[in-house]
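Residue numbers (full-length UniProt numbering): 1 to 505.
First up is the structure itself, then whatever we jot down about it.
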Ligand code: HEM
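This is the structure:
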């Protein structure tokens, strides 16, 4: 047998490899078993059916599991099954100790990459997992320039409304999800890629589709073992989707980049800032810039448009509150010499801020948030030890509905946060863009969403335009469209509609 195995012909090498597989699998399983974290595991009825050894389950969904566990004991640590691995749910009280730990101990992007398989979905910065150019550019260029880009955004909002919502002289039904995707892509696009591209339908379509194509790749490539994926990507047809998007964006940005290389005065936008902040020779590279344009579009466009869609629904369902929002808007605008909103005046829209935060509280985009992969064993002050290799996350949607934090949590109270901000010392704690353990929808700590200041301003300007120009209501005998739970989170109903009528002024 040994001689046969040692003879160097291909079929014998195959035999040798095949006979080693059980040993390799055994070693792998030992390795992974050692890493298991011994806390109770809960599965849904569907997961229990698929895995006969998983035991009985009374839960229809992950959210049900989390609801029940939070109700029983919100400080309880347990795990749930996700498609890529078991994920450990930890109470929010641990976030303070985790949020600022270094990336080589607790890592945000390692978790994203494990979930979204960046090598195949291309939802990864062109410089890989340690490339922080995008976050750096948002923090150091985009946010400090929010005042300078207001005018461009206002112009784009007016144009995008005309295009995607239209006149609405009489009460007209419209679909907020479709309109908000268009508005968010066009308005954000103006600041990401500039005026040559942001109204181009091919740019908008590609930016919006990139993430959708990525989501198709994940279930198609994940069933392959890790070592086979680099080869499988050539025959798994879904893997071509993101590559096609990158190729399209490269062609679209080519003339714009060529022009910018020659220009001395470059527009103030993400394309210019990324060119300036990238390592030498990279900023003008088409592939590099195309990947960045798609990374920022993925981070920004659907998140912002889903948030706006929820607000359209919540405004329609609470239309008696709209006059109060209008009154605040008119007062704040009248205090500006130009009569127009400025960066400073946006922060004075405290009732609107409260309304959009209440909408986000009741419509979190996922049941979990603040997800991190533990790279080195991590010990909390109360003695809980997290082993390396596990992924932890917090029950965001349950925290948002906790009556000890938010009394009558199922009631949409437009002024909930406005009132909380009146308490001494709490004026900043309950702002839309503030991160806290009670409000984890932006994450927290060093990796908290850096785009939230831009997103907050954009949302306020869009909602300001909506209530200034239109009356909004639900249809006769229609309720607020129900949210839709998906495997990855929660989204507004794409078919849900509201009614708009242009205001006569
Ligand atoms: C309403 C809209 C948005 C929501 C709800 C949202 C939410 C989030 C959340 C939950 C995180 C993870 C934070 C953590 O776990 O600590 C995140 C990260 C991130 N977001 Fe946002 N986001 C939004 C808009 C934007 C926009 C407009 C941009 C870009 C201008 C952006 C860029 C990013 C980036 C680059 C990261 C990764 C940060 C890092 O790697 O450290 N987001 N966002």
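Every residue, glycine too, gets a C-beta built ideally from N, C-alpha and C.
According to DSSP, simplified to helix, strand and coil, what is residue 32?
Model confidence at residue 32 stands at a pLDDT of 46, short of 50, so the residue's coordinates are unreliable and nothing is read from them.
Looking at the strands, I want to know which residues DSSP matches up with residue 501.
BP columns for residue 501 point to 471.
Do you know whose CA, among 51, 108, 102, 71, lies nearest residue 83's CA?
Of the candidates 51, 108, 102, 71, the one whose C-alpha sits nearest the C-alpha of residue 83 is 51.
How many Å lie between residue 236 and residue 227 at the Cα?
Distance between the alpha carbons of residue 236 and residue 227: 15 Å.
Distance check for residue 187 and residue 350, CA to CA, integer angstroms please.
Cα to Cα, the separation comes out at about 23 Å.
If I measure Cβ to Cβ from residue 433 and keep anything under 6 Å in the same chain, skipping five residues before and after, which residues do I get?
The residues are 452, 453, 456.
Are there three or more Cβ pairs, one per stretch, closer than 8 Å when the segment 389-407 is compared with the segment 85-105?
The segment 389-407 vs the segment 85-105: in contact.
What do you get for residue 233, buried or exposed, if any count of 16 or more other CB atoms within 10 angstroms of its CB means buried?
Result: buried.
Cα separation between residue 478 and residue 278?
Roughly 51 Å between the two C-alpha positions.
Excluding the five sequence neighbours on either side, which residues of its own chain have a C-beta within less than 7 Å of the C-beta of residue 272, listed in chain order?
The residues are 260, 266.
May I ask whether a heavy atom of the ligand FAD can be found less than 6 Å away from the beta carbon of residue 303?
Here the bound small molecules are the ligand HEM; the ligand FAD is not part of this structure.
Please go through the same chain and pick out, in chain order, the residues whose beta-carbon is closer than 8 Å to the beta-carbon of residue 136, but skip the five residues on each side of it.
So the qualifying residues of the chain are 277.
Excluding the 5 residues preceding and the 5 following residue 190 in the sequence, name in chain order all residues of the same chain whose CB lies nearer than 6 Å to its CB.
Result list for residue 190: 152, 156, 198, in chain order.
Taking Cβ positions, are residue 316 and residue 491 nearer each other than 7 Å?
No, these two residues do not count as a Cβ contact at 7 Å.
Would you say the beta carbon of residue 134 comes nearer than 6 Å to a heavy atom of the ligand HEM?
Yes, since a heavy atom of the ligand HEM falls inside the 6 Å radius drawn around the Cβ of residue 134.
Taking only the alpha-carbon atoms, compute the straight-line gap between residue 446 and residue 99 and give it to the nearest angstrom.
Those two C-alpha atoms are separated by around 7 Å.
Please classify residue 81: does DSSP put it in a helix, a strand, or coil?
It is a strand residue.
Report all residues from its chain with a CB closer than 8 Å to the CB of residue 472; omit the five preceding and five following residues, and keep chain order.
Correct list, in chain order: 312, 315, 316, 319, 322, 466, 498, 499, 500.
Quick test of your reading: residue 93 and residue 450, contact by CB under 8 Å. State the CB separation rounded to the nearest angstrom.
Not really, about 25 Å apart at Cβ, beyond 8 Å.
Could you pull the start and end residues of the alpha helix (DSSP H) that residue 372 belongs to?
Where residue 372 is concerned, there is no enclosing alpha helix (DSSP H), although the beta strand (DSSP E) it sits in stretches over 369-374.
Compute the minimum distance between the beta carbon of residue 185 and the heavy atoms of the ligand HEM, and state whether it is under 6 Å.
No.
Determine the burial state of residue 332: buried for a count of at least 16 other Cβ atoms within 10 Å of its Cβ, exposed for fewer.
Looking at its Cβ environment, which holds 16 or more other Cβ atoms inside 10 Å, residue 332 is buried.
Determine whether the beta carbon atoms of residue 336 and residue 347 lie at a separation below 7 Å.
Not a contact, by the Cβ cut-off of 7 Å.
Which ranges does the beta strand (DSSP E) cover as unbroken runs of at least 3 residues, wholly within the segment 425-477, from first to last along the chain?
Entirely contained in the segment 425-477, the beta strand (DSSP E) runs reaching 3 residues are, in chain order, 470-473.
First and last residue of the beta strand (DSSP E) that includes residue 174?
First-last of the beta strand (DSSP E) with residue 174: 172-174.
Return yes when at least one heavy atom of the ligand HEM lies under 6 Å from the C-beta of residue 248, else no.
The answer is no for residue 248.
In whole angstroms, what separates the C-alpha of residue 296 from that of residue 125?
Approximately 9 Å, taken between the alpha carbons.
Report yes if the C-beta distance between residue 111 and residue 373 is below 7 Å; otherwise report no.
Yes, Cβ-Cβ distance for residue 111 and residue 373 is below 7 Å.
Out of 57, 150, 74, 41, state which residue places its alpha-carbon closest to the alpha-carbon of residue 399.
It is 74.
Give a yes or no on whether the C-beta atoms belonging to residue 444 and residue 43 are separated by under 7 Å.
Not closer than 7 Å, so no.
Put residue 64 into one of helix, strand or coil per three-state DSSP.
Correct three-state label for residue 64: helix.
Does residue 22 come out as helix, strand or coil in the three-state DSSP assignment?
Bear in mind that the predicted position of residue 22 carries a pLDDT of just 49, short of 50, making it too unreliable to give a figure here.
What three-state label does DSSP hand residue 485 in the structure shown?
Here residue 485 sits in strand by DSSP.
Using the Cα positions of residue 489 and residue 290, report the straight-line distance between them to the nearest angstrom.
Cα to Cα, the separation comes out at about 27 Å.
Assign residue 493 to one of three DSSP states: helix, strand, or coil.
Residue 493 falls in the coil class under three-state DSSP.
How would you label residue 158, buried or exposed, when you count the other beta carbons within 10 angstroms and need 16 or more for buried?
It is exposed - the Cβ of residue 158 has fewer than 16 other Cβ atoms within 10 Å.
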